[in-house]
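To keep things clear, I will list the structure first and then write my remarks on it.
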C-alpha cells in the first residue's frame, strides 16, 4: 500500500469535520513548503545582488529619493 493509499484509507474512518481538518493541514503543509522555496530563492537573489557593484563615476547620490526623482526626469 502506498502512502497516499494509506492516508486515504485512514481518512475514510474519520468523521467529516475531522477529515476536513486533515485536508486543511495538508494544504497548510503545501503552503509552508512553497513559502520555504520562495524564501530560499529570495535569499539566493539577495546574495547575488549583494555582489553587484556599480560605478557611479565618483558622483555622490545624496538620497535614494533624489536619485529616483532625477531619474524620472
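Residue numbers (this note's numbering): 36 to 108.
Just so it is clear, CB atoms sit at the ideal spot from N, CA and C, and this is done for glycine as well.
Item: For residue 98, does the three-state DSSP call read helix, strand or coil?; Value: coil
Item: Please give me, in chain order, every unbroken run of the alpha helix (DSSP H) with length at least 4 that falls completely inside the stretch 36-108.; Value: 38-47, 51-85, 99-107
Item: In whole angstroms, what is the alpha-carbon distance linking residue 86 and residue 76?; Value: 16 Å
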